[in-house]
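Undergrad:
Numbering (the UniProt record's numbering), first residue to last: 1 to 676.
1) Skipping 5 residues on each side, what residues in its chain have a beta carbon closer than 6 angstroms to that of residue 286?
2) Alpha carbon to alpha carbon, how far is residue 93 from residue 87?
3) Taking 8 angstroms as the cut-off, decide whether the C-beta atoms of residue 187 and residue 225 are in contact.
4) Residue 612 and residue 463 - do their beta-carbons sit closer together than 8 angstroms?
5) Would you say the beta carbon of residue 265 comes nearer than 7 angstroms to a heavy atom of the ligand SAH?
6) Following the continuous alpha helix (DSSP H) through residue 290, name the residue where it begins and the one where it ends.
7) If you drop the 5 nearest sequence neighbours on each side, which residues of the same chain put their C-beta closer than 6 angstroms to that of residue 510?
8) Starting from the Cα of residue 412, find the closest Cα among 381, 437 and 91 and give me that residue.
9) Count the C-beta pairs between the segment 156-167 and the segment 109-128 that are closer than 8 angstroms, then say yes if the count reaches three, no if not.
10) State the Cα-Cα distance for the pair residue 390 and residue 199, rounded to the nearest angstrom.
11) By Cβ distance, which residues of its chain are closer than 6 angstroms to residue 77, with the 5 residues on each side in sequence left out?
12) If you drop the 5 nearest sequence neighbours on each side, which residues of the same chain put their C-beta closer than 6 angstroms to that of residue 435?
13) Taking 8 angstroms as the threshold (C-beta atoms), are residue 360 and residue 546 in contact?
14) In chain order, which continuous runs of the beta strand (DSSP E) of length 3 or greater are located wholly inside the segment 388-434?
15) Whole angstroms is fine: what's the gap from residue 481's alpha carbon to residue 487's?
16) Excluding sequence positions up to five away, which residues of its chain have a Cβ less than 6 angstroms from the Cβ of residue 456?
17) Go to residue 311, then tell me how far its alpha helix (DSSP H) extends in each direction, as first and last residue.
18) In chain order, which alpha helix (DSSP H) runs of at least 4 residues are fully inside the segment 162-210?
19) For the structure I just gave you, are there three or more beta carbon pairs, one from the segment 129-145 and one from the segment 173-183, closer than 8 angstroms?
20) Just confirm the distance between the C-beta atoms of residue 489 and residue 499, as a whole number of angstroms; I'd bet it's less than 8 angstroms.
21) Considering only the alpha carbon of each residue, which of 631, 609 and 617 lies closest to residue 356?
22) Which runs of the alpha helix (DSSP H) fall wholly inside the segment 95-146 and span at least 4 residues, in chain order?
23) Tell me which same chain residues have a C-beta within less than 6 angstroms of the C-beta of residue 635, skipping the five on either side of it?
24) With H, G and I counted as helix, E and B as strand and the rest as coil, what does DSSP make of residue 320?
25) How many whole angstroms separate the CB atoms of residue 308 and residue 124, which I take to be in contact at a CB cut-off of 8 angstroms?
26) Touch check for the segment 396-403 and the segment 319-334: three-plus C-beta pairs under 8 angstroms?
27) Could you tell me the distance, in whole angstroms, from the CA atom of residue 677 to the CA atom of residue 227?
28) My assumption, with CB atoms under 8 angstroms, is that residue 375 sits in contact with residue 343. Please give the rounded CB distance.
29) Pair every Cβ in the segment 204-222 with every Cβ in the segment 95-102, then say whether three or more of these pairs are closer than 8 angstroms.
30) Given that a residue counts as buried once 16 or more other Cβ atoms are within 10 Å of its Cβ, and exposed if not, what is residue 688?
31) What did DSSP end up calling residue 472 once you bin it into helix, strand or coil?
32) Report, in whole angstroms, the separation of the C-beta atoms of residue 126 and residue 454, which I expect to be a contact under 8 angstroms.
33) Whole angstroms is fine: what's the gap from residue 656's alpha carbon to residue 233's?
34) For residue 154, write down the residues that DSSP places opposite it in a beta bridge.
35) Indicate the three-state DSSP secondary structure (helix, strand or coil) for residue 585 in the structure shown.
36) Compute the Euclidean distance between the alpha carbons of residue 630 and residue 407, then round it to the nearest angstrom.
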């Protein structure tokens with residue numbers, strides 16, 4: 001419809017000014033018959049006529065002239081066009097049409113930007129949830145004068161470790177952001193930001209809430225409050241009976257209660273921002289009960305609920321119930337892959353539910369791999385290790401190194417992790433997600449499984465468990481792993497009632513694979529299946545001969561270790577305080593011929609702490625000098641501080657590891673956790 005010639009005839013603008021504007025408005029004028037062309041052109045004319053523009057003489061100058069010309073037109077053009085036109089404009093001008101939005105993303109943006117109403121968006125991993133609030137800010141810029149009311153979005157996230165990564169992401173869109181914690185003592189910083197990231201605690205901090213009461217300009221700038229990974233609200237608030245709520249009984253219980261209640265009090269933000277500013281809850285996985293809990297916990301009013309099935313058809317489920325004694329042999333296929341391919345090994349994440357399991361899995365991998373746990377094998381330094389560990393006590397720089405390696409093509413190929421690694425960061429090509437024991441509820445299980453295959457390539461979720469690991473799991477999880485029919489259907493039915501098994505059967509799950517009619521061995525396309533099915537014989541146990549001198553040295557060394565622990569616990573009964581009893585010493589001496597790993601000590605002795613098990617293993621090595629690859633294993637475990645915690649700090653990994661502003665604290669203890 002429109003052309004440069006028509007524009008020149010209809011206006012008194014100079015040709016150079018027309019060219020400066022043409023690539024911005026031409027598509028709109030061509031495609032939108034309902035647009036009031038004259039009105040838009042008059043707006044352009046009024047704004048550009050006030051600016052003195054020299055002739056275009058080179059590309060660099062053209063870009064600068066275009067920027068100047070667009071500055072005055074930006075707001076008027078947004079005012080005169082409907083939502084679709086504004087969105088096309090933002091995608092073209094700000095993102096160079098590099099992104100094609102999905103229908104659900106457009107619906108979410110319209111709900112927040114046009115209707116100014118609350119939103120719950122359940123969009124599977126890799127769908128692009130973050131784009132919703134990133135584009136929301138860019139859209140709002142079309143409507144607001146940046147000098148007077150710079151539009152702002154507040155994003156509440158459960159994991160402080162991912163904020164830095166998300167700030168880098170928004171900077172690629174030309175946006176600015178920071179962690180609210182860094183601005184609590186200088187709120188002037190917020191005036192220049194587009195996105196403010198906060199934990200629940202910092203968003204409810206008295207400094208910040210007092211600031212909200214005093215500075216109405218900040219509230220006027222806020223266009224939405226985003227609660228990311230909102231599925232975790234149901235466990236933090238304790239509102240869902242089907243979920244296990246874990247209560248600690250030690251000196252830090254007050255801190256734990258405060259942390260949990262912070263997420264239950266997020267609705268109080270509504271009293272500051274009112275119903276005029278929408279709240280959006282974003283998550284990758286949520287069933288109907290979870291959605292209801294999210295809505296009530298955040299005091300939402302008539303929210304739009306957008307929900308996409310979390311079914312990942314490129315992720316195959318493998319569920320294996322193993323005897324406790326031979327469970328570790330089910331990781332041997334992965335060890336073989338690492339030995340054969342080193343840095344070319346497909347990426348894997350092994351999720352563990354306890355710190356003890358993290359240490360034991362790492363110990364097993366390193367003992368088996370030895371020098372081949374590093375690349376090159378001649379350099380056994382931490383930076384060259386193929387194995388990474390990710391939990392709350394991992395140093396921040398180590399966490400960053402692991403996340404960068406998983407996002408790119410780094411040296412780390414296997415990460416043994418807590419659930420903290422299941423949220424917030426996009427790792428595109430993780431091929432294997434291994435659950436060392438299933439997650440405690442199906443929602444978390446699918447969150448962790450969702451780390452696999454985000455690039456669309458065939459990937460695997462492998463659940464290896466023994467009976468004791470089901471004690472604190474929900475009924476749904478127990479039914480899922482014990483299923484005598486399709487595991488996929490049981491995993492997803494709560495979230496997608498229309499779920500069906502995949503065809504051919506071998507790409508669906510380990511149960512369906514048994515009935516697969518594919519000819520030959522074509523469906524054994526992954527190293528895990530053949531190895532795990534064929535490896536039904538427990539591995540041979542290592543053993544040593546213990547001479548009389550060693551039998552005398554071992555108890556004396558253990559007694560010295562016990563005395564050192566008792567000396568630092570003088571206010572309490574020593575054994576109660578540190579848990580290193582005479583019975584433990586007797587167990588170690590009696591079984592010393594069979595103790596080569598942390599897991600051996602854990603299974604054969606009355607030990608209550610991984611820190612104790614590692615210290616005992618070190619004493620045995622000093623005496624016997626026969627533990628395979630001991631130095632490499634100790635270097636990794638000591639680096640991860642597995643020797644620095646008391647017995648009462650180590651048995652159960654806190655369920656939401658690395659959350660909020662308390663990411664350096666372990667909340668769990670050695671007492672049995674209580675389910676309510």
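Heads up, the beta-carbon is just placed ideally off N, CA and C, and yes, glycines get one too.
TA: Taking the geometry as given:
1) Here the question's residue 286 lines up with position 286 in the chain shown. Cβ-Cβ distances below 6 angstroms link residue 286 to 122 and 231 in the same chain, with the five nearest sequence neighbours on each side left out; the list follows chain order.
2) Numbered from 1 along the chain shown, position 93 holds the residue referred to as residue 93. Numbered from 1 along the chain shown, position 87 holds the residue referred to as residue 87. About 10 angstroms.
3) Against the chain shown, residue 187 aligns to sequence position 187. Against the chain shown, residue 225 aligns to sequence position 225. No, they are not a contact pair.
4) Translated into the one-based positions of the chain shown, residue 463 becomes position 463. Translated into the one-based positions of the chain shown, residue 612 becomes position 612. Result no, Cβ atoms of residue 463 and residue 612 do not sit closer than 8 angstroms.
5) The ligand SAH is not among the ligands present in this structure, which contains no ligands whatsoever.
6) In the chain shown, the residue the question calls residue 290 occupies position 290. Going by DSSP, residue 290 is part of the alpha helix (DSSP H) stretching over 288-297.
7) Stepping through the chain shown from its first residue, residue 510 is reached at position 510. Closer than 6 angstroms at the Cβ level, and outside the excluded window around residue 510, lie 318 and 319.
8) The residue given as residue 412 occupies position 412 in the chain shown. When the alpha-carbon of residue 412 is set against those of 381, 437 and 91, the nearest one is in 381.
9) In the pairwise beta carbon analysis, the segment 156-167 is classified as not touching the segment 109-128: fewer than three pairs are separated by under 8 angstroms.
10) Along the chain shown, read from residue 1 onward, the residue named residue 390 stands at position 390. Along the chain shown, read from residue 1 onward, the residue named residue 199 stands at position 199. Their backbone Cα atoms lie some 20 angstroms apart in a straight line.
11) For this step, residue 77 is matched to residue 77 along the chain shown. Because residue 77 sits at a pLDDT of 39, beneath the cut-off of 50, its placement in the model cannot be relied upon, and the following sentence gives the value as read from the coordinates. Beyond the five residues adjoining it in sequence on each side, residue 77 comes within less than 6 angstroms, by CB distance, of no other residue in the same chain.
12) Start at 1 with the first residue of the chain shown, and residue 435 comes out as number 435. Excluding sequence neighbours, residue 435 sits near 351 and 463.
13) Translated into positions along the chain shown, residue 546 becomes position 546. Translated into positions along the chain shown, residue 360 becomes position 360. No, the pair does not count as a contact, with Cβ atoms beyond the cut-off.
14) Counting only runs of 3 or more, we get 414-417.
15) Here residue 481 refers to the residue found at position 481 of the chain shown. Here residue 487 refers to the residue found at position 487 of the chain shown. One C-alpha to the other measures close to 7 angstroms.
16) Residue mapping note: residue 456 aligns to position 456 of the chain shown, counting from 1. Closer than 6 angstroms at Cβ, skipping near neighbours: 314.
17) Translated into the one-based positions of the chain shown, residue 311 becomes position 311. DSSP places residue 311 in no alpha helix (DSSP H); its state is neither H nor E.
18) The segment 162-210 contains these whole alpha helix (DSSP H) runs: 163-171 and 200-203.
19) With the cut-off at 8 angstroms, the segment 129-145 and the segment 173-183 touch.
20) Within the chain shown, numbered from 1, the residue matching residue 489 stands at position 489. Within the chain shown, numbered from 1, the residue matching residue 499 stands at position 499. With a beta-carbon spacing of about 6 angstroms, residue 489 and residue 499 fall inside the 8 angstroms limit used to define contacts.
21) The residue you call residue 356 lines up with position 356 of the chain shown. Measuring from the Cα of residue 356, the nearest candidate turns out to be 609.
22) Entirely contained in the segment 95-146, the alpha helix (DSSP H) runs reaching 4 residues are, in chain order, 103-113 and 130-143.
23) Within the chain shown, numbered from 1, the residue matching residue 635 stands at position 635. The answer is none, since no qualifying residue turns up.
24) For the purposes of this step, residue 320 is taken as residue 320 along the chain shown, with counting starting at 1. The answer is strand: DSSP assigns residue 320 an E or B state.
25) In the chain shown, residue 308 corresponds to position 308, counting from 1. In the chain shown, residue 124 corresponds to position 124, counting from 1. Going by Cβ atoms, the distance from residue 308 to residue 124 rounds to 6 angstroms, so yes, they are a contact pair.
26) Using a C-beta cut-off of 8 angstroms, the segment 396-403 makes no contact with the segment 319-334, since fewer than three inter-stretch Cβ pairs fall below that distance.
27) An answer regarding residue 677 cannot be provided, because it is not within the stretch 1 to 676 covered by the chain.
28) Locating residue 375 in the chain shown gives position 375, counting from the first residue. Locating residue 343 in the chain shown gives position 343, counting from the first residue. Contact holds; Cβ gap of about 5 angstroms.
29) Touching, no, given that fewer than three Cβ pairs across the two stretches are closer than 8 angstroms.
30) Residue 688 lies beyond the range of the chain shown here (1 to 676); nothing can be said about it.
31) For the purposes of this step, residue 472 is taken as residue 472 along the chain shown, with counting starting at 1. Residue state, collapsed to three classes: coil.
32) Working through the chain shown from its first residue, we reach residue 126 at position 126. Working through the chain shown from its first residue, we reach residue 454 at position 454. About 4 angstroms separates the two Cβ atoms, so the contact holds.
33) As a position in the chain shown, residue 656 is number 656, starting the count at 1. As a position in the chain shown, residue 233 is number 233, starting the count at 1. Its pLDDT being 36, under 50, residue 656 is placed unreliably by the model, and the measurement read from it follows with that caveat. Take the alpha-carbon of residue 656 and the one of residue 233: they are about 11 angstroms apart.
34) By 1-based counting over the chain shown, the position of residue 154 is 154. The partner list for residue 154 (beta bridge, DSSP) reads 196 and 225.
35) Here residue 585 corresponds to residue number 585 of the chain shown, with the count starting at 1. Secondary structure at residue 585: helix, using DSSP grouped into helix, strand and coil.
36) In the chain shown, counting from the first residue as 1, residue 630 sits at position 630. In the chain shown, counting from the first residue as 1, residue 407 sits at position 407. Our two residues, residue 630 and residue 407, have alpha carbons roughly 31 angstroms apart in a direct line.
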